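Beneath this line is the structure, given in structure tokens, with notes to follow.
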Amino acid sequence: MHEKSIITLEYPKILAKVAKEAAFSASKELVMELVPTSDIDEARRRLAYTTEAYRLLDLNADASVRGAHDIRPLLARAAREGVLLPADLLQVLETTQSAIHVARVLEKLDPDDFPLLRQLGADMPQRPRIARRIEETISEEGEVLDTASPTLQKLRFDIRGANQRLHDRLRTLVNEFGNALQEHIITIRNDRYVVPVKAENRSQVRGIVHDQSASGATVYVEPMVVVELNNKLRQLQVEERQEIERILRVLSLEIGREADTLKVAVELLAEFDLHLAKARYGRMTRSTEPRLNNEGRIDLREARHPLLTSRAEDSGSVDADGAGRSAYSSRGSFRVSGL
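Read in order, the letters of the sequence shown correspond to residues 24 to 362 in my numbering.
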């Protein structure tokens, strides 16, 4: 089809509406890349997928890709031995879970009524081991779990103990320093626990000054008696970060080894969601499947441009046949959703 005809028929506007029915960016891109075809076999194939998706929606099945993401950039990074962050890993988890869910939903369909979608489900790679590894490592809030490794679990136990001892000692000091403090609180400066000392009372508190207020009235002092406790806590925190980095690197390498397979899963999820998006738009516009022929015959009954469905109800439909005859009608409409 000529580009001028595509623009005249407002085809890009139709694609934009279909794309709104898609669930994630990869499928939206597939929608926007659709171009009309003059190959009758390809047209029939596209229509067959849309019709099956239409039936699937009618079954009220859990027909969705749930929380799928286009993780292909993350997979490329992992394949290059880059480290994925916890938020990245949650996207991989949700996409992997989506692939497992879709494959199971499609597997249960009647092969006679849904041959194409059944095959798509059969082709869908499932990697439950990857999903399980991420679930065992990252919390729903995007934090690395204590149980991600025995080393991390011990480090966090030690950190909690060191933190408690440090705070107990500082609370005692706060009471001892009394009026020398601007406020009776414990705060943090330069990743060290300090107390706010009145500038004129600085000599009453032996320790290291880490900061001062904008007015100069307050200096933030790390008392000498807690320097070693602070050092111990900081060392444990450094070891914790190193262990977290190691855990993320190992898990990222595992994902990198499965990058090609997981990429296929993303592409098949996008294809499935494309068919669902077309079917949803078809339902919204009350579209029906045309009977195609390769004899050049055109017979449209009560046809209406799909964009008119969002306009006034009395927007007319048109009957037309291959001879070019047409008649205005204010009745229902016939639309094509094959895209």
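We treat Cβ as the ideally placed atom computed from N, Cα and C, and that holds for glycine. Here the structure is a predicted model, which means the values were calculated and not measured.
Integer-rounded CB distance, given that residue j should sit under 8 Å from residue i
i    : j    : result
E26  : A300 : Incorrect: roughly 23 Å between the Cβ atoms, too far for contact.
A46  : V115 : Not really, about 17 Å apart at Cβ, beyond 8 Å.
I94  : V289 : 6 Å
S315 : A71  : Residue identity check: residue 315 is Leu in the sequence provided, not Ser. With a Cβ gap of about 11 Å, L315 and A71 do not count as contacting.
P134 : R141 : 5 Å
V250 : H233 : Rounded, the Cβ-Cβ distance is 11 Å, inconsistent with contact.
V41  : V54  : 5 Å
T160 : I270 : 6 Å
E277 : I123 : In fact, because the Cβ distance is near 17 Å, the residues do not count as touching under 8 Å.
R192 : Y243 : Contact flag wrong, Cβ pair sits at about 17 Å.
R272 : V106 : 5 Å
G90  : E52  : No, G90 and E52 are not in contact; Cβ-Cβ is about 18 Å, not under 8 Å.
Exposure label - residue i; buried when at least 16 CB within 10 Å
i    : result
E281 : buried
L297 : buried
H207 : exposed
I37  : buried
R150 : buried
D219 : A small correction: the amino acid at residue 219 is Pro; Asp does not occupy that position in the sequence shown. So P219 counts as buried.
P35  : exposed
P138 : exposed
S61  : exposed
E199 : exposed
T119 : buried
R156 : buried
K131 : exposed
V248 : exposed
P173 : exposed
A293 : buried
S162 : exposed
G279 : buried
A99  : exposed
A39  : exposed
T31  : exposed
A145 : exposed
L373 : Here the chain covers residues 24 to 362 and nothing more, so residue 373 does not appear.
A335 : Confidence in A335 is poor, its pLDDT being 46 and thus under 50, which makes the residue's placement too unreliable to answer from.
A240 : exposed
L108 : exposed
S353 : Bear in mind that the predicted position of S353 carries a pLDDT of just 35, short of 50, making it unreliable; the figure below should be weighed with that in mind. With fewer than 16 other Cβ atoms within 10 Å, it is exposed.
G201 : exposed
G319 : exposed
Residue of the options minimising C-alpha distance to residue i
i    : options                   : result
R225 : I209, A203, R95 and R306  : A203
L97  : G90, E312 and A110        : A110
A302 : E318, P59, A86 and D64    : A86
R143 : F295, T119 and T74        : For clarity, residue 143 is Leu in the given sequence; the question names Arg instead. Nearest option by C-alpha distance: F295.
S236 : S28, T210 and D146        : T210
D64  : N317, R272, A293 and D181 : N317
K177 : L112, Q260 and V228       : Q260
M307 : R320, L196, L330 and T160 : L330
A49  : L79, N83 and H92          : H92
R309 : G319, R320, L291 and H328 : H328
S121 : L274, I29, E245 and L291  : L291
L274 : E52, D81 and L113         : L113
E262 : E117, E52 and D181        : D181
P313 : L107, R68, T284 and N83   : R68
L82  : L108, R272 and D136       : D136
S229 : P246, E56 and T241        : Note on residue identity: the sequence assigns Arg, not Ser, to residue 229. Looking at the Cα atoms, P246 is the closest of the given residues.
E223 : S238, D214 and R215       : S238
V128 : L79, L108 and Y304        : L79
A101 : G305, E56, T284 and Y304  : T284
C-beta neighbour in chain B for residue i, strict 9 Å
i    : result
A101 : No chain B is part of this structure, which consists of one protein chain only.
Any non-hydrogen atom of the ligand COA within 8 Å of residue i CB
i    : result
V261 : In the structure shown, the ligand COA is absent, as is every other ligand, since no ligand is present at all.
Which parts of the stretch 136 to 218 are runs of the alpha helix (DSSP H), unbroken and 4 residues or longer, counting only runs that do not cross its ends?
138 to 146, 151 to 160 and 173 to 200
If you scan the stretch 247 to 291 from start to end, which runs of the alpha helix (DSSP H) of 4 or more residues do you find wholly inside it?
250 to 280
Report the residue ranges of all alpha helix (DSSP H) runs contained in full by the stretch 58 to 107; include only those spanning at least 4 residues, in chain order.
63 to 81 and 95 to 102
Taking contact to mean at least 3 C-beta pairs separated by less than 8 Å, is the stretch 159 to 174 in contact with the stretch 260 to 276?
yes
Taking one C-beta from the stretch 176 to 193 and one from the stretch 244 to 262 each time, how about it: are there three or more such pairs within less than 8 Å?
yes
With three or more C-beta pairs closer than 8 Å as the rule, is the stretch 320 to 334 touching the stretch 72 to 79?
no
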